[in-house]
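Undergrad: Taking UniProt numbering, the leading residue of the sequence shown gets 1, the next gets one more, and so forth. Here it is: the structure, laid out below.
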Amino acid sequence: MINNKSNIEMQLATYKSMLTKASNDLAKSKQLVGLLKQQIEQGNTELSEELDKANERISMLSEDLSDANARIYVLEVALTQAESDNSELRAEVSRLHSKADDYEKANALLDIADKAQVDYKTIIEVLLHRKFAHNSDMTNLLNGVLDTSDAEVNELGLDGLKKKISDAADEALDEKHKDEESNASSAPEQPAVKLPKKTEKEKQKSDSQLPRKRYTTTARVLKSFGIDKSDLPENAKVIIRKGKKDMWVVRLFFYQKQEVYCKEYKIARFNVPGSDPQSSKYPQSIIKGNPLMPSFCRFYLESKFAYHLSENRLLDMLSQMGMKVAQSTLNGWMQQIMTYLRERLGPVMLERIRQCVYTQNDESRIVVRSRESKEDKFKYNVEYIHAALSMEAKLCVMEYKEGSRSHSVQEDAIFKDSCIRVFTADRAVLYETIEKDLEEMGLVRTACWFHARHRFVDAYISDHRVRVIILMMNYLFQIERESKIRKHTAKQRRRFRLKYSASIVGKLMKLLKKIKLDSSYGAMVQRAVNYVLDDEKAFKVFLQDGRVEMHNNAVERMFRHLAMGRRNWMHTGSHLGAENIAFMFSLFESCKLNDINFGDYIEDILTRLMEGEQDFMSLIPCNYNSNKKVNVKAA
Numbered sequence: 001m002i003n004n005k006s007n008i009e010m011q012l013a014t015y016k017s018m019l020t021k022a023s024n025d026l027a028k029s030k031q032l033v034g035l036l037k038q039q040i041e042q043g044n045t046e047l048s049e050e051l052d053k054a055n056e057r058i059s060m061l062s063e064d065l066s067d068a069n070a071r072i073y074v075l076e077v078a079l080t081q082a083e084s085d086n087s088e089l090r091a092e093v094s095r096l097h098s099k100a101d102d103y104e105k106a107n108a109l110l111d112i113a114d115k116a117q118v119d120y121k122t123i124i125e126v127l128l129h130r131k132f133a134h135n136s137d138m139t140n141l142l143n144g145v146l147d148t149s150d151a152e153v154n155e156l157g158l159d160g161l162k163k164k165i166s167d168a169a170d171e172a173l174d175e176k177h178k179d180e181e182s183n184a185s186s187a188p189e190q191p192a193v194k195l196p197k198k199t200e201k202e203k204q205k206s207d208s209q210l211p212r213k214r215y216t217t218t219a220r221v222l223k224s225f226g227i228d229k230s231d232l233p234e235n236a237k238v239i240i241r242k243g244k245k246d247m248w249v250v251r252l253f254f255y256q257k258q259e260v261y262c263k264e265y266k267i268a269r270f271n272v273p274g275s276d277p278q279s280s281k282y283p284q285s286i287i288k289g290n291p292l293m294p295s296f297c298r299f300y301l302e303s304k305f306a307y308h309l310s311e312n313r314l315l316d317m318l319s320q321m322g323m324k325v326a327q328s329t330l331n332g333w334m335q336q337i338m339t340y341l342r343e344r345l346g347p348v349m350l351e352r353i354r355q356c357v358y359t360q361n362d363e364s365r366i367v368v369r370s371r372e373s374k375e376d377k378f379k380y381n382v383e384y385i386h387a388a389l390s391m392e393a394k395l396c397v398m399e400y401k402e403g404s405r406s407h408s409v410q411e412d413a414i415f416k417d418s419c420i421r422v423f424t425a426d427r428a429v430l431y432e433t434i435e436k437d438l439e440e441m442g443l444v445r446t447a448c449w450f451h452a453r454h455r456f457v458d459a460y461i462s463d464h465r466v467r468v469i470i471l472m473m474n475y476l477f478q479i480e481r482e483s484k485i486r487k488h489t490a491k492q493r494r495r496f497r498l499k500y501s502a503s504i505v506g507k508l509m510k511l512l513k514k515i516k517l518d519s520s521y522g523a524m525v526q527r528a529v530n531y532v533l534d535d536e537k538a539f540k541v542f543l544q545d546g547r548v549e550m551h552n553n554a555v556e557r558m559f560r561h562l563a564m565g566r567r568n569w570m571h572t573g574s575h576l577g578a579e580n581i582a583f584m585f586s587l588f589e590s591c592k593l594n595d596i597n598f599g600d601y602i603e604d605i606l607t608r609l610m611e612g613e614q615d616f617m618s619l620i621p622c623n624y625n626s627n628k629k630v631n632v633k634a635a
């Protein structure tokens, strides 16, 4: 019991101490709660103050935000404007860069012009104020039309014209070094000779040759019809005015469609007693195994060489006519026909040219596809066709020797051991070589004044002082035209040239020598001057020989159809094709010289050859007679 009581008392004391401690803790907690309440109240006060301040700041920031939005809008507008201005500035900068590049190029060109002594100011003036308002004006200058009106030329006459040109030359010569030139030209001036006036017969002839009217139409009239009175009453009568019936002709033009047709011939093999089997008769053809007849060859060759149609277009035309044939097949057939003609007429035409005394010569380019062997690839090379023209024989011959431009082509085929003694050509090296190689046979080369004048016309844009030279050359061409109008013989033309051209040529050469020593002339002028002076002797030959022309324009015109054809058929497929093309253009141009219809001519000579004609000389264009009978030699 005592132990239990003591235990209870101890527990009670423990509880009391615990209660005291808890009371102390409670007092401390209350004290702490009081402090916390004070802090919370203080915090709430401070928080409310901060909240008020925050609200004030939010209101201020909202005001600032609205101001910022307004400023942003203003800045966006300003940015848009700036971007627009920036694009304009970039465009302006780009334009200025381009202009700066142009200025750099212009400065480089000006440096080149200064070194070459080219009058670039005059060039700009000419470009801004064109000397030639139309292309025809420039063409007239190149064709040698004088820088005077026709009325003035007619009024002056040749004597007055000669004096005017001579005075212009003297004025150009006397601009500098007057004393030096006056001592050099001490020879007395020849008095002008009056030309004989035209006779009444010549005047009537010239007056009767009225200029051809424009917009005229001509065609072969197949059938003429009488007056159709079906819509008139029976008692209607033709009106008579001034003794003539009031009637006229109405023409209507038709076109008859071209046609290609085929004829079939049956061939059979027969047993002949006492002999080997024999076939029936084959139909007559140009080349055995080649089905093309003269009329078809006419269509093909006329279309290709007279009208410049390519083979593809010809195949399209044949297809529309109902003829289907492969290009390679047609090409092979026509190559056989052209080779057949060339082998028979080519040597005869060449021999006829070699019998002439004077020729005009030139060469032109042609693109040829060829290869050295079947294993090699095809190559396209620029090759050359050579031409010789005789206006005396009215014949043109074109030669092609595997595209060579060597002097040996014309030297061996045309000049060597021939009757040719004079020829006109440009200043290509091959012609100077031919003249040197054949000097022993007395061959003389004459220069082309047209090529010379062309160089001065090119130089005119850089220096207008060469105008007097062009004027003098045009005068020389005017004399040639006048001689042609008067139908002078070679001797008469020589006397005419000596009378009216010789003195001008002398002054022209003297003026060119003066220009050559003058450093104020640019490179273009000096090149033109050297072109003439380096070949002065050849340029003067025409004065002493009335057969000689001043230029070789006639033979250059022979290549016009070749140049036009190049644009359509572009190239030839082989050296053989180029050789045949050269020969066919020889025939075509020779037919033009002799006023022969090329298509009729081709069909006729092929028909004659098919029938056995052996007189090949009679078939070349200059000897051709459409009414001649076929000459067949006995076998």
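Where a beta carbon is used, it is the ideal one built from N, C-alpha and C, also for glycine.
For Lys513 and Gln526, which I take to be in contact (beta-carbon distance under 8 Å), what is that distance rounded to the nearest angstrom?
TA: Contact flag wrong, Cβ pair sits at about 12 Å.
Undergrad: Taking only beta-carbon atoms, is Arg342 less than 7 Å away from chain D?
TA: Annotation note: the requested chain D is absent from the structure, which comprises a single protein chain.
Undergrad: What does the Cβ neighbour count give for Gln360, buried or exposed, with the cut at 16 atoms within 10 Å?
TA: Buried, by the Cβ-count rule.
Undergrad: Looking only at DSSP bridge pairs, what is Ile240 linked to?
TA: Lys245.
Undergrad: Sort out for me which residues DSSP pairs Asp362 with in a bridge.
TA: Ala387.
Undergrad: Could you give the DSSP three-state label for Arg269: helix, strand or coil?
TA: In this structure, Arg269 counts as strand in the three-state DSSP scheme.
Undergrad: On the CB-based measure, 16 or more other CB atoms within 10 Å of its CB, does Trp248 come out buried or exposed?
TA: By the 10 Å Cβ count, Trp248 comes out exposed.
Undergrad: Since Val397 is in the beta strand (DSSP E), which residue starts that stretch and which ends it?
TA: Its beta strand (DSSP E) spans residues 395 to 399.
Undergrad: If you drop the 5 nearest sequence neighbours on each side, which residues of the same chain put their C-beta closer than 8 Å to that of Glu302?
TA: Phe598, Gly599, Ile602.
Undergrad: Going by C-alpha to C-alpha distance, which of Ala538, Arg465, Tyr431, Thr572 sits closest to Gly522?
TA: When each option's Cα is compared against that of Gly522, the closest is Arg465.
Undergrad: Please report the straight-line C-alpha distance between Ile72 and Glu83, rounded to a whole angstrom.
TA: In a straight line, the C-alpha of Ile72 is about 16 Å away from that of Glu83.
Undergrad: I need the DSSP call for Tyr380, collapsed to helix, strand or coil.
TA: In the structure shown, Tyr380 sits in a strand (DSSP, three-state: E or B).
Undergrad: Could you please give the first and the last residue of the uninterrupted alpha helix (DSSP H) stretch that includes Phe477?
TA: Looking at the DSSP string, the run of the alpha helix (DSSP H) that includes Phe477 is 467 to 485.
Undergrad: Cutting at 7 Å between CB atoms, please list the residues of its own chain near Leu543, excluding the five before and the five after it.
TA: Same-chain partners within the cutoff: Arg497, Leu498, Ser501, Ala502, Val505.
Undergrad: If I measure Cβ to Cβ from Val348 and keep anything under 6 Å in the same chain, skipping five residues before and after, which residues do I get?
TA: Answer for Val348: Phe616, Met617, Ile620, listed in chain order.
Undergrad: By DSSP's criteria, Phe423 is part of a beta bridge. Which residues make up the other side?
TA: Paired residue(s): Thr359, Arg445.
Undergrad: Can you list, in chain order, the residues of its chain whose CB lies under 6 Å from that of Ile267, leaving out five sequence neighbours each side?
TA: Excluding sequence neighbours, Ile267 sits near Ser279, Ser280.
Undergrad: Just tell me which of Met550, Thr433, Lys242, Lys401 has its CA closest to the CA of Arg481.
TA: Looking at the Cα atoms, Met550 is the closest of the given residues.
Undergrad: Using the Cα positions of Lys242 and Val260, report the straight-line distance between them to the nearest angstrom.
TA: Straight-line Cα distance between these residues: approximately 53 Å.
Undergrad: Just the Cα atoms here: how many angstroms apart are Thr446 and Ser295?
TA: Approximately 43 Å, taken between the alpha carbons.
Undergrad: If you reduce the DSSP assignment to three classes, tell me which class Arg453 lands in.
TA: DSSP places Arg453 in helix when its eight states are reduced to three.
Undergrad: Whole angstroms is fine: what's the gap from Arg298's alpha carbon to Ala387's?
TA: Distance between the alpha carbons of Arg298 and Ala387 is about 24 Å.
Undergrad: Provide the residue span of the alpha helix (DSSP H) that contains Met550, from first to last.
TA: Neither: Met550 is in no alpha helix (DSSP H) and is coded neither H nor E.
Undergrad: For Leu508 and Ala169, I'd like the C-alpha separation in whole angstroms.
TA: The straight-line gap from Cα to Cα measures roughly 7 Å.
Undergrad: Just to confirm before moving on: does the CB-CB distance between Arg342 and Asn623 stay below 7 Å?
TA: For Arg342 and Asn623, no; Cβs fall outside 7 Å.
Undergrad: Pull up the distance between the alpha-carbon of Tyr103 and that of Ile353, whole angstroms please.
TA: In a straight line, the C-alpha of Tyr103 is about 58 Å away from that of Ile353.
Undergrad: If we count the other Cβ atoms within 10 Å of its Cβ and call it buried at 16 or more, is Val548 buried or exposed?
TA: Buried is the call here.
Undergrad: Measure how close the beta-carbons of Leu315 and Tyr300 come, nearest whole angstrom, since I'm counting them as under 8 Å.
TA: Not quite, the Cβ-Cβ distance comes to about 11 Å (not below 8 Å), so this is no contact.
Undergrad: Have a look at Ala413, Val541, Val382 and flag the residue whose alpha-carbon is nearest the alpha-carbon of Ile422.
TA: Reading off the sequence shown, one finds Val at residue 422, where the question assumed Ile. Residue Val541 is the option with its Cα nearest to Val422.
Undergrad: In angstroms, rounded to a whole number, what distance separates the CA positions of Ile434 and Ala538?
TA: Going by the C-alpha atoms only, they are around 14 Å apart.
Undergrad: If you draw a straight line from the alpha carbon of Met584 to that of Asn552, how long is it in whole angstroms?
TA: If I take the Cα positions, the gap works out to 21 Å.
Undergrad: What number of angstroms, rounded off, separates the C-alpha of Gln284 from the C-alpha of Leu562?
TA: About 33 Å.
Undergrad: Apart from the five residues just before and just after Gln355, which ones in its own chain have a Cβ nearer than 8 Å to its Cβ?
TA: For Gln355, where only same-chain residues beyond five positions count, the Cβ hits under 8 Å are Ala393, Ser418, Cys419.
Undergrad: How big is the Cα-Cα spacing for Leu79 and Leu65?
TA: Using only the alpha carbons, I get a separation of about 20 Å.
Undergrad: Could you pull out every unbroken beta strand (DSSP E) segment of at least 3 residues lying fully inside the region 325 to 360, listed in chain order?
TA: Here no run is fully enclosed.
Undergrad: With H, G and I counted as helix, E and B as strand and the rest as coil, what does DSSP make of Ala70?
TA: Reduced to three states, the DSSP call for Ala70 is helix.
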